[in-house]
Each structure stands twice: as structure tokens, then as C-alpha cells.
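Enquirer: Before I ask anything, here is the structure I am working with.
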Amino acid sequence: MKMKKYTAPTMVEAMKKVREDFGDDAVILSSSVIKSKGFLGLFQKRSVEVVAGFDQKAEKPIYEPPARAVLPARSDAAESLQAEMQEMKKMIKGMQQSDRTLEKYPDELIPLLVKLQTQGLAHEYIAEAGDALYEQMKKEKKDFTETEQLELLKQWFSAKLREVSFGGISYTKKYINVLGPTGVGKTTTIAKIAARALLEEKKKIGFITTDTYRIAAIEQLRTYANLLQAPVEIAYNATDFAAAIEKLQDRDLIFIDTAGRNYKETKFVEDLQRLVDFSLDMETFLVLSTTSKEQDMDIIIERFEKFPIEKFIFTKTDETSSVGSMINLMLKYSIGMAYFTDGQEVPEDITEANFEKLFTLLLAGDQHA
Ligand SMILES: Nc1nc2c(ncn2[C@@H]2O[C@H](COP(=O)(O)OP(=O)(O)OP(=O)(O)O)[C@@H](O)[C@H]2O)c(=O)[nH]1
Ligand SMILES: [Mg+2]
């Protein structure tokens, strides 16, 4: 992909220039409104800067093979390249469509809406938010400053997310059960939450692990438990699980660590159902990594619908610059958010979720970009 920067007095004119050069194959990569200094704040000029990218195939080929050239047989590599190109084309088409939908908004709003796009927020929510802001602008018959836009956007998100709840473990349920796919950070997150329960809330804590597939998994939990001077029970089957519950009766809170499996396969979900006693006084959290593809998270959530998922825990926000999928999933499934985690340090790198913090994360996300 090639990139080129355009400056024009308005977004519409900038887009026109982009199209003149590259037709419909152009993709808007970023846009911003620039204000010239002017003289004592007077005669300020506004312009729009747009960076457009385009698929190089859209350009005239520099070399065209002679009409009767003999083409080599297609190799596997060529085929996979072809598949990759198809994938890219689809992606570009999707992006183009979303850029078109932004065209109807005034220039002032574009940078903020592009920001939401880069965060991976679903197009329907961007359109809803864009419409709400634009309507307000028309109603008040004025342009909004960046701060005013942010305030309005925050109000919009706050209303939109009203139906989902935020906040960590309740401390009223004895069992805290953590589920999720392989390697998303379940064990590390349990250690972070348990450490806080012990250090800040002075709770007597204990652990049960049902992750008996790898020796290292048991050792990992033992290491954290030892640091917190808390007992660990290992449950290979439902009988062990019941025995472990019995042994840890004197504890205020019992954290249950489960194995990360490929939960796209239903047999692993069924194993979990057989092993963990969900009828206990229990809060169950589904841990998802923000570095995963949203479609993959979708499949996992659907697989886990048979469990009483209290809230999501989203991990690895430090490893991604797009956190919009957290919001998409919360709204799609009407499931709230308990924590998000942003690093490997135990117990520091965890934040109990609330709306303010989520909103800040959504708008601050490009430091890693
Ligand atoms: N960058 C980053 N790494 C994290 C975060 N949380 C966990 N990790 C790392 O992710 C890796 C996997 O973490 P685990 O806690 O073992 O994940 P798990 O879900 O228990 O893994 P399995 O039990 O194997 O399914 C480790 O290297 C963690 O240090 C986070 O918020 N940010
Ligand atoms: Mg684990």
C-alpha cells in the first residue's frame, strides 16, 4: 500500500482530491483538522489534512507483460499470495465503506470518529455516536471544541452502556471461578485479584486448580499461592473438586483456576461442566484477551453461554491499540466488565473496571500504535 497526504479547506474537497488521484481504491488512514495561527487569533484558517492509502494494483502497471508471454505454473506460494491479496481487498473495501459513512459528518467530528474506528468500535455504534453529536451541533447551531465533543461523546457512551454493569468481585460470594481460552491470562489475573483480596480486604483466601493438564500450570499457581501464604488444592475430577471444597471450608474466598483449552471445541466445555460444581455460591468470570480477534472471542462467548457468566475480564490492554471490541462484546451480549489488566506484574497490573476508566482507555489507546 502507498500513502499520500492531502490538505484542503474542507473534508469534502480533500476526499475529492483523493478520489481524483486514486478513484475508489483509496482508503483514509487518518484525518485531522488544522488551524493556522492567524494574527492575534484573528484570520485563523482551518484546513483538513487527510492521509490516504491505496492499493498499488490500482495504479497503471509500469510493465505490462507481452500478450503471448508464457506464464509459469502457479506455485503454492503464488496461491497463498493471491489469497492474502483477496483478504486485503476485502479489508480495504470494509474500511472504504466506513470512510464513506463518515463523509456526512462535519469536519470537526471526523478526527474523533476516526479515532473510534481505529479502536475497532463497531460501525453501528460509531454511526449512532456520530449522529448524536451531529444532531446536538445542529441543535445548538455551533461548532464544538474538542473538549465539548469529548464531553458529549462521554454522555452518549454512558447512556449506551447503562445496561451493563461494572465492578470487580462482590466479596459476597465465596467462590470465584475464572474461565477462558488458552493463555489469555487467567492464572495471572486470579493471582492479582486474590492478592488484593488478601492485602486490601484482609480476606482468608484459598485456591483450587482444575488445570491438571500441565505440571507447569500447577506450579505456576503454587508459586503465587506460596507468596500469598494461601493453600492450594488440585482437582483432577469432580470427586477431588468436592473434597477440595470441603478442605477449604474455613476460607473466606476460594479462587478456582481452570485450564485454558481450545473452547471452540465443545467437548472441552463439557469437561468443564462435569468438573466444576456451578451450583455453589459462585461468581464466574470469562477472561478474554483484547489481543484476540473479535470473531474468535464471539465464538468463545457463545460456547460459554451455558455458564452463568457474571462479567468479563479483559486482559493485555497494554499489548493492543484497539480496545473497541471490549465495548462491542459487552453491548452485544449484555455482559458487564469486572476488570481489565495491562501488564504481567502481579498484583499491580489490574484495574477494577468502571465507566470512567473504560472511556479513558478508549480514547487514550493509541500510545502503542
Ligand atoms: N502483556 C500482558 N501480559 C499478560 C497480561 N496478563 C497475563 N499476561 C501474560 O500472559 C501469559 C499467560 O498468562 P497466564 O496467566 O498463564 O494465562 P492462562 O490463561 O492462565 O494460560 P493457560 O492456563 O495456559 O490457559 C503470561 O506470560 C502472563 O504474564 C496482561 O495484562 N498484559
Ligand atoms: Mg493458567
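Numbering-wise (the working numbering), the sequence shown opens with residue -11 and increments by one. In this text, a Cβ means the ideal position worked out from N, Cα and C, and glycines have one as well.
#1: Using the beta-carbon count (16 or more within 10 Å), is Glu47 buried or exposed?
#2: Give the residues whose C-beta lies closer than 5 Å to at least one heavy atom of ligand 2, in chain order.
#3: Can you tell which of Ala110, Lys174 and Gly118 has its C-alpha closest to the C-alpha of Glu282?
#4: Using CA coordinates, which residue listed in Ala120, Ala226, Ala352 and Ala247 is at the minimum distance from Gly168?
#5: Cβ of Arg202 versus every heavy atom of ligand 1: is any distance shorter than 8 Å?
#6: Shorter than 8 Å, the distance from the beta carbon of Lys304 to the closest heavy atom of ligand 1, or not?
#7: Less than 8 Å between the CB of Thr170 and some heavy atom of ligand 1, yes or no?
#8: Count the other CB atoms, across all protein chains shown, that sit within 10 Å of the CB of Ala55; report buried if there are 16 or more and exposed otherwise.
#9: To which residues of the same chain is Tyr159 closer than 6 Å at the C-beta, ignoring the five residues directly before and after it?
#10: Distance check for Met318 and Tyr93, CA to CA, integer angstroms please.
#11: Determine the direct distance from the alpha carbon of Ile203 to that of Ile301, and round the result to whole angstroms.
#12: Going by DSSP, which residues form a beta bridge with Lys(-10)?
#13: Please list the segments of the alpha helix (DSSP H) lying wholly inside the stretch 271 to 312, counting only runs of 4 or more residues, in order along the chain.
#14: Measure the beta-carbon distance from Ile16 to Ala40 and round it to whole angstroms, keeping in mind my assumption that it falls under 8 Å.
#15: Going by the DSSP bridge assignment, what does Ser153 pair with across the sheet?
#16: Cα-Cα, which of Ala232, Gly171 and Val102 is closest to Asn362?
#17: Using alpha carbons as the reference points, say which of Val334, Asp238, Asp330 and Ala14 lies closest to Ala213.
#18: Check whether the stretch 267 to 274 and the stretch 215 to 226 are in contact - that is, three or more C-beta pairs closer than 8 Å.
#19: Taking 8 Å as the cut-off, does the CB of Thr363 come closer than this to any heavy atom belonging to ligand 1?
#20: For the stretch 124 to 172, list the alpha helix (DSSP H) runs that are entirely contained and at least 4 residues long, ordered along the chain.
#21: What are the complete beta strand (DSSP E) segments, minimum 3 residues, inside the stretch 208 to 251?
#22: Excluding the 5 residues flanking Gln261 on each side, which residues of the same chain have their C-beta closer than 6 Å to its C-beta?
#23: Considering only heavy atoms of ligand 1, does any lie closer than 8 Å to the CB of Val275?
#24: Going along the chain, which residues of its own chain have a beta-carbon closer than 7 Å to the beta-carbon of Leu141, five neighbours each way excluded?
#25: Sorry if obvious, but does the Cβ on Asp284 come closer than 8 Å to a heavy atom of ligand 1?
#26: Taking the continuous beta strand (DSSP E) assigned at Phe328, which residues delimit it?
#27: Using a threshold of 9 Å, state whether the C-beta atoms of Asp240 and Ile196 are closer than that.
#28: Can you grab the Cα-Cα spacing for the pair Ala232 / Lys299, in whole Å?
Expert: Reading off the structure:
#1: Below a pLDDT of 50, predicted positions are generally treated as unreliable, and Glu47, at 45, falls in that range; the measurement from the model is reported next regardless. Its Cβ having fewer than 16 others within 10 Å, Glu47 is exposed.
#2: Lys174 and Thr175
#3: Ala110
#4: Ala247
#5: yes
#6: yes
#7: yes
#8: Note that Ala55 has pLDDT 49, beneath the 50 cutoff, so the model's placement of it is unreliable and the number below is only indicative. With fewer than 16 Cβ atoms within 10 Å of its Cβ, Ala55 is classed as exposed.
#9: none
#10: 27 Å
#11: 25 Å
#12: Phe42
#13: 282 to 291
#14: 6 Å
#15: Per DSSP, none; premise fails for Ser153.
#16: Residue numbering for the chain in the displayed model covers -11 to 357; residue 362 lies beyond these limits and cannot be assessed.
#17: Val334
#18: no
#19: The structure shown does not extend to residue 363, since the chain is modelled only from -11 to 357, so the question has no answer here.
#20: 134 to 148
#21: 220 to 222 and 241 to 245
#22: none
#23: yes
#24: Leu100, Ala117 and Leu121
#25: no
#26: Gly324 to Thr329
#27: no
#28: 25 Å
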